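Start counting the sequence shown at -1; every next residue gets the next number (the numbering used here).
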Amino acid sequence: MENITASEIAGFGVGTLLLCATIAAPRVDTFISASQRSSLGMCTKCGDLKLIACSTCRGVGSVKEGGLIGFNFVDDIYQSLGGDESGVKTTPCTKCRARGHFRCPNCSKSQ
Ligand SMILES: [Zn+2]
Ligand SMILES: [Zn+2]
């Protein structure tokens, strides 16, 4: 039953991360690094979007019940590929109150 090699696992992990970055980056993050942001005079935390994606629900506003993080990643990919979400219980994210984002503390301070 040793069909999966370590390199396959690593490859899957990297692919998963890339895919998750593509899925989750979306609304709030702009793929601009903090150093680029500061050199552009942008807020290093939010890139002048005034919002920061919630790390708990990854900007979705809800979290799946009873799943391990690893399984949630797989679920996300599955759903992004058109999978059926039924059967997966979600609860509103308590950290961001189901909004999926916070106000940027840096920006709200200066304004
Ligand atoms: Zn949240
Ligand atoms: Zn900011």
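Glycine included, each C-beta is placed from N, C-alpha and C at the ideal position. Keep in mind it's a predicted model, so treat the numbers as computed, not measured.
- Taking the Cα positions, K93 is about 25 Å away from S31.
- V61: member of the beta strand (DSSP E) spanning 60 to 62, first to last residue.
- The DSSP-derived three-state label of A51 is strand.
- At least one heavy atom of ligand 1 lies less than 7 Å from the C-beta of T54.
- Here P90 is bridged, per DSSP, to S60.
- What you get when you keep residues with a C-beta closer than 5 Å to any heavy atom of ligand 2 is C41, K43, C44, C102, N104, C105.
- Distance from the C-beta of K93 to the nearest heavy atom of ligand 1 is below 7 Å.
- Boundaries of the beta strand (DSSP E) harbouring R101: 99 to 101, taken from the DSSP string.
- Taking C41 as the centre and dropping the five residues before and after it, the same chain places the C-beta of R35, C102, N104, C105 closer than 7 Å to its C-beta, in chain order.
- It is roughly 13 Å from the alpha-carbon of T88 to the alpha-carbon of T54.
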